[in-house]
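Here the structure is laid out as structure tokens; the discussion comes afterwards.
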Amino acid sequence: MKLTVFNGSPRGKGSSTRVLLEHFLHGFMTAGGNTYELVYLNRVREGDKFVNLFQEAEHVLLAFPLYTDCMPAIVKAFIESLESLCGREGNPDIGFMVQGGFPEAIHSRYVEKYLEKLASRLGCRYVGTIIKGGCEGIRARPAKRTRKLFESFYQLGQIYGETGLFDGELVHTLAQPERLPGLLAMLFKLLVKTRFFMSYWDNMLKENDAYEKRFDKPYAR
Ligand SMILES: Cc1cc2nc3c(=O)[nH]c(=O)nc-3n(C[C@H](O)[C@H](O)[C@H](O)COP(=O)(O)O)c2cc1C
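Following this line, the structure appears as structure tokens:
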């Protein structure tokens, strides 16, 4: 198989998306003859190259972090740049990987539906969507806390490299918890409101000069 991979994280090489893809691709490469090309959508000036790559691809994997229950703007821009390829004969198979910060998979179910529809509009065979929550900061976690997660992505890649399919059982297991159980969900809601929890995100906003704009609603009428 020849796989074309698009990493849609604005963090590019410093992203959790990259870390998960790395394990997936190690597994993918265990099947003899497999090759891949990986590009970063945050290199926005290379937009034309991305469209060409998609056009020439046999199998595509589009991986990105969940942003406000959907996708980063660079991913949306990439999808929109494919408009002229809608329904074209010979479009590649397409699979997706969506990883988010909150632990529950339910946050990604709407974008999953969107992605399935996108595949159909493009006329691509839809391979499926791998969903994994709780991924913020996986690069900084000790190895023993990520071993199982990375092994699962490796296995997913391995099976995909052999069959061109995402293993249904692994995809299901990775997506757990679909929802946090009642008490835990309540505790989480409280935790999210604390200054301690918010300071992580607030610091990022401040670093990017966006703290003062955090309640802006640019699309509100
Ligand atoms: C602007 C922004 C919006 C986000 N929105 C969500 C969200 O709606 N749900 C969620 O679970 N995580 C959300 N996250 C967290 C990211 O999905 C999570 O941190 C992810 O692991 C980042 O991956 P990356 O390092 O590959 O970019 C958001 C992060 C940012 C910066």
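Start counting the sequence shown at 6; every next residue gets the next number (our numbering). We put the CB at the ideal spot given by N, CA and C, even for glycine. Owing to the predicted nature of the structure, the values given are computational and were not obtained by experimental measurement.
Practice task
Would you check whether ligand 1 has a heavy atom nearer than 7 Å to the C-beta of Phe107?
Solution key: Counting from one through the sequence shown, the residue named residue 107 turns up at place 102. Using a cutoff of 7 Å, the CB of Phe107 counts as near ligand 1, since one of the ligand's heavy atoms is closer than that.
Practice task
Taking only heavy atoms of ligand 1 into account, decide whether any of them is closer than 7 Å to the Cβ of Asp207.
Solution key: Looking up residue 207 in the sequence shown gives position 202. No, the Cβ of Asp207 stays beyond 7 Å of every heavy atom of ligand 1.
Handout entry: Residue range of the alpha helix (DSSP H) that includes Met102
Key = Within the sequence shown, numbered from 1, the residue matching residue 102 stands at position 97. That residue, Met102, is in no alpha helix (DSSP H); its beta strand (DSSP E) goes 98–104.
Problem - For Gly133, the residue or residues it bridges with in DSSP - result: Looking up residue 133 in the sequence shown gives position 128. For Gly133, the beta-bridge partners assigned by DSSP are Gly100.
Practice task
Could you please give me the residues that DSSP links to Cys75 through a beta bridge?
Solution key: Taking the sequence shown and counting its residues from 1, one reaches residue 75 at position 70. Beta-bridge annotation (DSSP): Cys75 is paired with Tyr72.
Exercise for the section: Decide if the stretch 97–113 is in contact with the stretch 178–185; the criterion is three or more beta carbon pairs, one per stretch, under 8 Å apart. Expected result: Taking 8 Å as the limit for Cβ pairs, the verdict is that the stretch 178–185 does touch the stretch 97–113.
Problem - Ranges of the alpha helix (DSSP H) found wholly within the stretch 189–224, counting only runs of at least 4 - result: Within the stretch 189–224, the complete alpha helix (DSSP H) runs of at least 4 residues fall at 200–212.
Practice task
Report, in whole angstroms, the separation of the C-beta atoms of His31 and Gly169, which I expect to be a contact under 8 Å.
Solution key: Walking along the sequence shown from the start, residue 31 turns up at place 26. Walking along the sequence shown from the start, residue 169 turns up at place 164. With a Cβ gap of about 18 Å, His31 and Gly169 do not count as contacting.
Problem - Candidates Arg16, Met76, Gly100, of which the one nearest Ala124 by Cα - result: Position 119 of the sequence shown, counted from the first residue, corresponds to residue 124. The shortest CA-to-CA distance from Ala124 to any of Arg16, Met76, Gly100 is the one to Gly100.
Handout entry: Sub-8 Å separation of Asn12 and Leu46 beta-carbons
Key = Counting from one through the sequence shown, the residue named residue 12 turns up at place 7. Counting from one through the sequence shown, the residue named residue 46 turns up at place 41. Against a cut-off of 8 Å, the Cβ pair of Leu46 and Asn12 comes out as a contact.
Practice task
From the DSSP output, in three-state form, read off Glu94 for me.
Solution key: Counting from 1 along the sequence shown, the entry for residue 94 is found at position 89. Coil.
Handout entry: Three or more C-beta pairs below 8 Å linking the stretch 120–134 and the stretch 87–99
Key = Because the criterion of three Cβ pairs below 8 Å is met, the stretch 120–134 and the stretch 87–99 touch.
Problem - For Tyr131, the nearest candidate out of Cys140, Gly139, Leu120, Glu141 (CA to CA) - result: The residue you call residue 131 lines up with position 126 of the sequence shown. Nearest Cα to Tyr131 within the set Cys140, Gly139, Leu120, Glu141: Leu120.
Handout entry: Classification of Leu195 by the beta-carbon crowding that lies within 10 angstroms, buried from 16 upward
Key = Counting from one through the sequence shown, the residue named residue 195 turns up at place 190. With fewer than 16 other beta carbons inside 10 angstroms of its own, Leu195 counts as exposed.
Handout entry: Neighbourhood of Arg219 by C-beta, 7 Å cutoff - its chain only, sequence neighbours within 5 removed
Key = Here residue 219 corresponds to residue number 214 of the sequence shown, with the count starting at 1. For Arg219, where only same-chain residues beyond five positions count, the Cβ hits under 7 Å are Leu210.
Practice task
State the Cα-Cα distance for the pair Thr151 and Tyr216, rounded to the nearest angstrom.
Solution key: In the sequence shown, residue 151 corresponds to position 146, counting from 1. In the sequence shown, residue 216 corresponds to position 211, counting from 1. Looking at the two C-alpha atoms, the distance is approximately 31 Å.
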